[in-house]
Amino acid sequence: MIPLYFAHGAGAGPTDPLLPALRARLGAGYAITAPDLGPPEPGEWARRMKADLTALPDGALLVGHSLGASHLLKCLAELGPAVRPRALVSLAAPLWGMPGWDANGFALPAWAPEALAHLPLRMFQSRDDEVVAFDHLAAWGRLLPHARLYPLDNQTHVFTGDLSAIAIAISEL
Numbered sequence: 002m003i004p005l006y007f008a009h010g011a012g013a014g015p016t017d018p019l020l021p022a023l024r025a026r027l028g029a030g031y032a033i034t035a036p037d038l039g040p041p042e043p044g045e046w047a048r049r050m051k052a053d054l055t056a057l058p059d060g061a062l063l064v065g066h067s068l069g070a071s072h073l074l075k076c077l078a079e080l081g082p083a084v085r086p087r088a089l090v091s092l093a094a095p096l097w098g099m100p101g102w103d104a105n106g107f108a109l110p111a112w113a114p115e116a117l118a119h120l121p122l123r124m125f126q127s128r129d130d131e132v133v134a135f136d137h138l139a140a141w142g143r144l145l146p147h148a149r150l151y152p153l154d155n156q157t158h159v160f161t162g163d164l165s166a167i168a169i170a171i172s173e174l
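Spelled out as structure tokens, the structure:
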């Protein structure tokens with residue numbers, strides 16, 4: 002079983018509607034952990050995620066949705082080589098500091114591009130996202146040029162459409 006850690010978005014939790022759909026699409030072979038991170042508060046989320054990440058075995062897969070994805074990246078940059086995931090799959094991650102997205106404690110540290118340079122990244126964003134604008138994907142690509150970017154059509158912010166491309170990207174890791 003491949004360990005997979007799922008970080009939900011703001012206002013969601015382990016009952017994030019994306020998670021059961023992703024579980025069904027991935028099938029057997031993944032031991033999915035999806036903790037309840039609570040209300041979106043930067044210090045508490047960092048404390049919880051860092052504890053979870055350091056407890057994961059090397060080679061675990063990380064999947065984050067929205068705030069969960071951007072905060073996973075922040076925590077991984079801050080933890081450095083103490084955590085060695087197989088890869089991170091990001092779904093609709095906001096890039097804090099872009100217009101309309103004040104950093105308020107969720108922004109990446111300045112050294113994040115260097116700290117994350119060896120982490121395999123798969124970043125998905127829908128052109129139809131009603132919460133995180135599509136231009137965040139290109140901004141992530143400029144910040145983390147090694148990331149593979151996957152623009153999607155016909156998806157909402159919570160990815161209610163076909164998850165095939167996401168499941169394929171995860172299974173290839």
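Numbering (my numbering), first residue to last: 2 to 174. Just so you know, even glycine gets a beta-carbon here, dropped at the ideal spot from N, CA and C.
Query, Result
"Exposure label - HIS147; buried when at least 16 CB within 10 Å", "exposed"
"C-alpha distance - ARG128 paired with ASP136, whole-angstrom precision", "9 Å"
"Straight-line gap, ALA61 to GLY39 (C-alpha atoms, nearest Å)", "22 Å"
"Which of helix, strand or coil DSSP assigns to THR34", "strand"
"Neighbourhood of GLY98 by C-beta, 6 Å cutoff - its chain only, sequence neighbours within 5 removed", "ALA104, ALA108"
"Ranges of the alpha helix (DSSP H) found wholly within the stretch 11-80, counting only runs of at least 4", "19-27, 43-56, 68-80"
"Close-in-space but distant-in-sequence residues of the same chain around ARG24 (CB under 7 Å, 5 per side omitted)", "ILE33"
"Status (buried if at least 16 other CB within 10 Å, exposed otherwise) for TRP141", "buried"
"Whether ALA168 touches PRO121 by CB criterion (8 Å)", "no"
"Check whether TRP102 and PRO95 have beta carbons under 8 Å apart", "yes"
"Nonlocal neighbours in the same chain, by C-beta distance under 8 Å from PRO21, ignoring five residues either side", "none"
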